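Residue numbers (this note's numbering): 24 to 877. Worksheet: one structure, shown below.
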C-alpha cells in the first residue's frame, strides 16, 4: 500500500506543479501503463514499475479532474476577478458562521458578517433563471444565522472569482477554497439580499446533516459558561468561528492549535472512550469493534471530514476491521490506507498543511517513539544499572496514592517524550508555513492533552445525555396512556439524563476555562515561542528526505541477530546528517540580500506599506496600515517580510497619524525586532487618542521613537534617505498635510514616498526647486485621490513610473490618475497589479507587479 500512496502523491504533485496534460491524456497514460504492466506479468520488477507509474498517472488525472476541470455549465467559467451583479438561486450547503467587527468610530454599532456556502443551480437575468452549476463562498453584511443547511434560497449581490494573493507570502485563499471545490465569491450588501426560494425544495441529505449539526451546537452550548462555549464548539464539533481571536493567537503562539479543533487526536480519544464503555457494559467483541468503527465514521461525518479527521477515522476503521476478523495490521499499512483514501476523498489534501502535520505526527509516533524508548531505557541502565527485583516488589507494596503518583509521573514523562518527538519532526514544516517556533508547546501539551481530552469526553457525554433526554421525552408522551409505571420510569430516566447533561456541561466548561488560562499564560512567556522566517522550502524538503532515510535505515536489517556493522554505521551517519541540517539548513539561512536596492509597495487596499531593502542588508518599512483592518500587519506585511527571510527591521517610518497608515504596527512589533520608529514632528496630537496610545505601546515595548523634520538625511550604506517634508515648526491642522515625504535614492535613481500629502503640505513640497532630473518612481499621494494629485505635481516631479496604493474603485467612479497614461507615464495600481516590486539596475528602476505573468 505504501508504494501506491507514494505514486499517488507524486502524480498529484506533478499535475499541480506542471499544470499537467488534460484529464483524458492522464487517463490514456494510466491505461497504457496498466496494460503494459499486465503484459509484463512474467517480469515482476518491470510489471511493478509500470503499475506504479500507472497509479501515478491515475493520481495526476484524478487531481486534474478535481482541481482544473469545470462542468460545461459551471458559472465560474464566465466570471473574472472583477465583481459583477448577479442573481442566483440554489441551496445552502453550510452556514460557516457570524463574524463581528468594531464600528468604524467610537459609539458606532459593531459590523457583522455572515458567511455560508451556496450550491448554485440557476442564474437569473431579471426575468427568468437559466440552469447552471457552481459553488460560492457568500458573505452577507448582517446577521443571517437563521439560514440552515439544505435550505433553498435566492441571493442578489456581486459575484466574482475568489480573490487570490496580491503579495509575496500572502495566504492563498483562492487555492484554499478551490481545493474544496469553491471557485466563486459572492458579496451581498444587505441581509435581505438572501431570501427563501419559494419554488425550491429542501435538500434532504444536507438538510438532515445541517439540522443535526445545529441541534448539537445548541445543546452543547446550552448552560455552558459563555466564555467556554466557543472553545467547546471548536473542540467537540469543529466550529471555530466564535472563538476570540486573542485566544486563537494564544494557542497558535504556543504550538497547541491542534487542541483547538477536532483532529485525529480527538477522534482517537472518542473512539477509545466508546470502546472502553462498551467493554464495561459487556458488549461482545465483534459487535464492539463494529460499533466503534461506526461511531468513528459517524463522528467524522458530523464534524466534517477534514484531512486529519479522515486519516484518524480510516485508521480506526482499519484497526477495528482487522480485530473484527481476528487479523493484525501494521501501522505502515493502516497509515498508507488512510493516505490513499484521504487523497481519494480530496487530492488537494496532499498540499494541506493540517494533513501533512497529521501524517507526520502519527508516523513519528509509530516509528520514532519506540526507538526513543529504547534509548531512554539504555541511558537509565547505564546510569542506575539493572532494576532490583526486591525494589520492584517494594514499590508494588507501597500505598495506592504513592503508586498512583508514580504512574502519573511516568505517563507525564511519556507524554513529554511524545510531544518532543512530534515537535522536533514538525518544527521545520511549522516554521516554513506558520513562521512560528514554539518549544513551549512541548511542556504545555503535558497538561493540555489530558485536559482537552476530558473536556471533549464531557462535551460528548453532554450531547449524548441531551439526545437521550429528548428521546425519552418523545417516548414518554405516547406511553403515558399505556402504563403509568412505564411513563413514570421514562420520566425519571429523562430527568436523570437532564441532570447528567448539566453536570457534564459544568465539568466541560470548567476544564475549558482551565485550558484557556494555561494557553494564554503560556503564550505570555517570552522564551516559549518566537517568530521566524523559517527555513527555505528546498531546505525543509532536504530535512524530511534525510529524516525518511534515517527512519528507513533504523528499521532495516535483520530483527533477531542485530544489524551488521555497515548498517549501524549508515544509521549513525544518517542521524548525524539530520541533526547537522539544523545549522546550514535553518539557522544560517539568514535574510535574502538583494544585489541592488529594492522596494516593494505592498497591496494593502486603502492603506500603505512599503518595504525598502538595501544591498548591505538593512531593511526599512514606510507605513504599515489599512483602513479598519489592523490585522494587515499579521496577514500581509509580516508574510512579505518573511518572504525576504527577515526577522528584523532597522526602522519603521510612519508618514502621519491616520490609522490606515499605522494600525498594523502592533502586529509587526509582535513578530519582528524593530530598531526605531521614525515619525514627523507633531505626529501625536491631542485630537488623536489612537496615535497617543500607539506611541505609548511602542515605548512600552522598548522601541525608541525619533521625530524628524526637513531637511534631514540618513545614509544607509550606499542608499541615501532624505526627508523633504515637513519642515521644522510646520503648523497645520491636517495630518495629511504633515505627511513625512522621503526621497530614497541610490546611484542617482530616486523613489519619492509621499504618504497622504495634500493641500498646504503639497504646496510646500512643490515650492521647492524642481528636481535636477526626473523622479524615477513616485508614490501617488493619498492613494491617488484627485485633490492630492494635481497636474502641477507631475510637472514638478516628471516621474517615469507612478505607483498608487489603492483599493478597487467603485463602479462609475472616475480615476484621477488615468490621464497620466497619456503623458507616457507608467501607472501601476496595487489593486490591479498586486504588490509592486521596484529593482534598481544600472539602466534604471525596473517596476513589476506581483500578478505579472500569474
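Think of the CB as a built atom: it goes at the ideal place given N, C-alpha and C, for glycine as much as any other residue. The structure presented is a predicted model; accordingly, all values stated were derived computationally and were not measured.
Between which residues of its own chain and residue i is the CB-CB distance below 8 Å, once the five residues before and five after are set aside?
i: residue 306; result: 314
i: residue 721; result: 688, 692, 700 and 728
i: residue 791; result: 747
i: residue 846; result: 817
i: residue 293; result: 318, 319, 322, 479, 480 and 483
i: residue 569; result: 597, 600, 601 and 604
Let me confirm a value: residue i is counted as buried when at least 16 other C-beta atoms fall within 10 Å, else exposed. Which label applies?
i: residue 800; result: buried
i: residue 829; result: buried
i: residue 85; result: buried
i: residue 371; result: buried
i: residue 146; result: buried
i: residue 350; result: exposed
i: residue 269; result: exposed
i: residue 201; result: buried
i: residue 522; result: exposed
i: residue 826; result: buried
i: residue 463; result: buried
i: residue 556; result: buried
i: residue 716; result: exposed
Out of the options, which has the shortest C-alpha to C-alpha gap to residue i?
i: residue 359; options: 287, 239, 376 and 341; result: 341
i: residue 874; options: 854, 634 and 215; result: 854
i: residue 751; options: 702, 619 and 532; result: 702
i: residue 346; options: 334, 337 and 308; result: 308
i: residue 344; options: 332, 357 and 178; result: 357
i: residue 330; options: 304, 290, 299 and 316; result: 290
i: residue 95; options: 140, 152, 157 and 755; result: 157
i: residue 278; options: 71, 193 and 453; result: 453
i: residue 821; options: 831, 520 and 793; result: 793
i: residue 280; options: 136, 444 and 545; result: 545
In angstroms, rounded to a whole number, what distance separates the CA positions of residue i and residue j?
i: residue 272; j: residue 189; result: 24 Å
i: residue 771; j: residue 780; result: 24 Å
i: residue 886; j: residue 807; result: Past the edges of the chain, shown from 24 to 877, lies residue 886, and the structure says nothing about it.
i: residue 325; j: residue 318; result: 10 Å
i: residue 768; j: residue 659; result: 26 Å
i: residue 466; j: residue 297; result: 28 Å
i: residue 602; j: residue 537; result: 36 Å
i: residue 516; j: residue 321; result: 26 Å
i: residue 242; j: residue 579; result: 52 Å
i: residue 255; j: residue 487; result: 15 Å
i: residue 776; j: residue 51; result: 56 Å
i: residue 860; j: residue 872; result: 6 Å
i: residue 564; j: residue 724; result: 36 Å
i: residue 824; j: residue 848; result: 6 Å
i: residue 673; j: residue 162; result: 40 Å
i: residue 587; j: residue 599; result: 19 Å
i: residue 558; j: residue 380; result: 16 Å
i: residue 182; j: residue 97; result: 13 Å
i: residue 738; j: residue 676; result: 15 Å
i: residue 104; j: residue 237; result: 34 Å
i: residue 288; j: residue 282; result: 8 Å
i: residue 473; j: residue 31; result: 36 Å
So, at 7 Å on beta carbons, what are the nonlocal neighbours of residue i in its own chain, with the 5 sequence-adjacent residues on each side left out?
i: residue 682; result: 648 and 713
i: residue 36; result: 373
i: residue 879; result: Beyond the ends of the chain as shown, which are 24 and 877, falls residue 879; an answer cannot be given.
i: residue 496; result: 517
Since residue i and residue j are thought to touch, with beta carbons under 8 Å apart, how far apart are those beta carbons, to the nearest angstrom?
i: residue 77; j: residue 56; result: 4 Å
i: residue 693; j: residue 663; result: That pair is no contact at about 16 Å.
i: residue 120; j: residue 138; result: 6 Å
i: residue 753; j: residue 704; result: 7 Å
i: residue 211; j: residue 174; result: At roughly 15 Å, the Cβ-Cβ gap does not stay under 8 Å, so residue 211 and residue 174 are not in contact.
i: residue 789; j: residue 678; result: No, residue 789 and residue 678 are not in contact; Cβ-Cβ is about 18 Å, not under 8 Å.
i: residue 534; j: residue 483; result: No, residue 534 and residue 483 are not in contact; Cβ-Cβ is about 13 Å, not under 8 Å.
i: residue 730; j: residue 706; result: 7 Å
i: residue 108; j: residue 75; result: Actually they are not in contact, since the Cβ atoms of residue 108 and residue 75 sit about 51 Å apart, beyond 8 Å.
i: residue 339; j: residue 316; result: 7 Å
Can you name, in chain order, every residue of its own chain whose Cβ lies under 6 Å from the Cβ of residue i, other than the five neighbours on each side?
i: residue 881; result: Because the chain here runs from 24 to 877, residue 881 falls outside it and cannot be looked at.
i: residue 735; result: 746
i: residue 45; result: none
i: residue 576; result: 593, 594 and 597
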